[in-house]
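Asks:
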Ligand SMILES: Nc1ncnc2c1ncn2[C@@H]1O[C@H](COP(=O)(O)OP(=O)(O)OP(=O)(O)O)[C@@H](O)[C@H]1O
Ligand SMILES: [Mg+2]
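Residue numbers (UniProt numbering): 1 to 266.
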């Protein structure tokens, strides 16, 4: 299959994504680029949890998913968020097809042994459905839910981890992690924050240890390094702008480029 670009759209930024971002996706698709979107939905999940009076819980940026939370996660991710993205893409002129990791057993997982509740650890990826959707000329929009081997259970999966696994399973050329910050930021002596334009596993381990990288950025950099370790050529963490997306797809500088060179992530 031709070179594929997987775009992870962070829930953090979904409401702020401008029409021009989706138009850029549409123009890339019309130019024959194979694109796949994996999306998050953190704020929308939290808003719905608030409405049904369940307090969200996180450990190191990872959501703790109790049974009631899982129902909300499935409803929001596979339902409203996935369809909202498909609608925006369609309006921008793209051909988009929403699915979840449950459909076609695209993402098979087992319940984690960590105290995170109904969270899955990915055991197997099946790229048949995203590939079939691409072959039909559509852009798969994947909600990061996973399913057990026997099909009996749904597990929540962090969207960054799911995006990394999808990129690896598709043999993607690039993984673009679109979020609400311009990339990895590092505090400066004068109190400002500077964009880290390029980093690697060793620097990332140090930034996590120094608490420069915290919260939701932890699963993001971990998933980025895992994807690189599984053959994805380039991972970029950037803002959801047409400019950044088009730059990355054209092989130009944007956001933070993560490289494996310079150390192995432990
Ligand atoms: N060094 C850092 N540089 C930039 N952002 C950081 C850093 N450390 C922690 N963060 C946090 O990581 C957040 C991005 O991760 P977050 O999980 O919130 O968003 P997302 O992954 O885009 O959305 P979702 O999880 O809903 O898919 C930033 O908004 C910021 O608060
Ligand atoms: Mg996140």
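All residues carry an ideal CB built from backbone N, CA and C; glycine is no exception. Treat the numbers as computed from the prediction; the structure is a model and nothing was measured.
Quick check on the burial criterion: 16 or more other C-beta atoms within 10 angstroms. Buried or exposed for residue 173?
Replies: buried
Asks: Which word fits residue 115, buried or exposed, when buried means at least 16 other C-beta atoms lie within 10 angstroms of its C-beta?
Replies: Around the beta carbon of residue 115, fewer than 16 other beta carbons lie within 10 angstroms, which makes this residue exposed.
Asks: Measure the alpha-carbon distance for residue 14 versus residue 149 and round it to whole angstroms.
Replies: The straight-line gap from Cα to Cα measures roughly 31 Å.
Asks: As a quick exercise: from 166, 121 and 234, pick the residue whose alpha carbon is nearest that of residue 128.
Replies: Residue 166 is the option with its Cα nearest to residue 128.
Asks: Can you tell me whether residue 163 is buried or exposed, with buried defined as 16 or more other CB within 10 angstroms of its CB?
Replies: Residue 163 is buried by the Cβ-count criterion.
Asks: Does the Cβ of residue 29 have 16 or more other Cβ atoms within 10 Å, making it buried, or fewer, making it exposed?
Replies: Taking all protein chains shown into account, residue 29 has 16 or more neighbouring C-beta atoms within 10 Å of its C-beta and is therefore buried.
Asks: Going by C-alpha to C-alpha distance, which of 194, 157 and 97 sits closest to residue 219?
Replies: Per the C-alpha coordinates, the member of 194, 157 and 97 positioned closest to residue 219 is 157.
Asks: Report the start-end ranges of each beta strand (DSSP E) in the region 174-210 that is 3 residues or longer and not cut off at the edges.
Replies: 174-179, 185-187, 193-195 and 198-200
Asks: Exposed or buried, what is residue 231 when buried is set at 16 or more other beta-carbons lying within 10 Å of its beta-carbon?
Replies: exposed
Asks: Closest to residue 84 by CA distance: which of 102, 63, 40 and 155 is it?
Replies: 40
Asks: Give a yes or no on contact between the region 190-200 and the region 245-264, applying the rule of three or more CB pairs nearer than 8 Å.
Replies: yes
Asks: Any heavy atom of ligand 2 closer than 7 Å to the beta-carbon of residue 144?
Replies: no
Asks: Evaluate the contact criterion for the region 54-73 versus the region 109-125: three or more CB pairs, one atom per stretch, below 8 Å.
Replies: A contact exists between the region 54-73 and the region 109-125.
Asks: Helix, strand or coil for residue 121, going by three-state DSSP, please let me know.
Replies: strand
Asks: Let me make sure I understand the geometry here. Which of 134, 178 and 103 has the alpha-carbon closest to that of residue 145?
Replies: Considering only alpha carbons, the answer is 103.
Asks: Can you tell me whether residue 233 is buried or exposed? The criterion is at least 16 other CB atoms within 10 Å of its CB, across all chains shown.
Replies: Classification of residue 233: exposed, given that the 10 Å Cβ count is below 16.
Asks: For residue 213, which of helix, strand or coil comes out of DSSP?
Replies: coil
Asks: On the three-state DSSP scale, how would you describe residue 278?
Replies: Residue 278 lies beyond the stretch modelled for the chain, which goes from 1 to 266, so this question has no answer here.
Asks: What's the gap between the Cα of residue 169 and the Cα of residue 176?
Replies: 15 Å
Asks: Just the C-alpha distance for residue 17 and residue 98, rounded to the nearest angstrom, thanks.
Replies: 18 Å
Asks: What does the Cβ neighbour count give for residue 240, buried or exposed, with the cut at 16 atoms within 10 Å?
Replies: buried
Asks: Give a single yes or no on whether residue 125 has its beta carbon closer than 7 Å to a heavy atom of ligand 1.
Replies: no
Asks: Please report the straight-line C-alpha distance between residue 79 and residue 43, rounded to a whole angstrom.
Replies: Using only the alpha carbons, I get a separation of about 15 Å.
Asks: Is the CB of residue 185 under 8 Å away from at least one CB in chain D?
Replies: The chain inventory of the structure shown lacks chain D, comprising one protein chain alone.
Asks: Please report the residue range of the alpha helix (DSSP H) in which residue 69 lies.
Replies: 67-74
Asks: If you draw a straight line from the C-alpha of residue 61 to the C-alpha of residue 132, how long is it?
Replies: Rounded to whole angstroms, residue 61 to residue 132 spans 33 Å at the Cα level.
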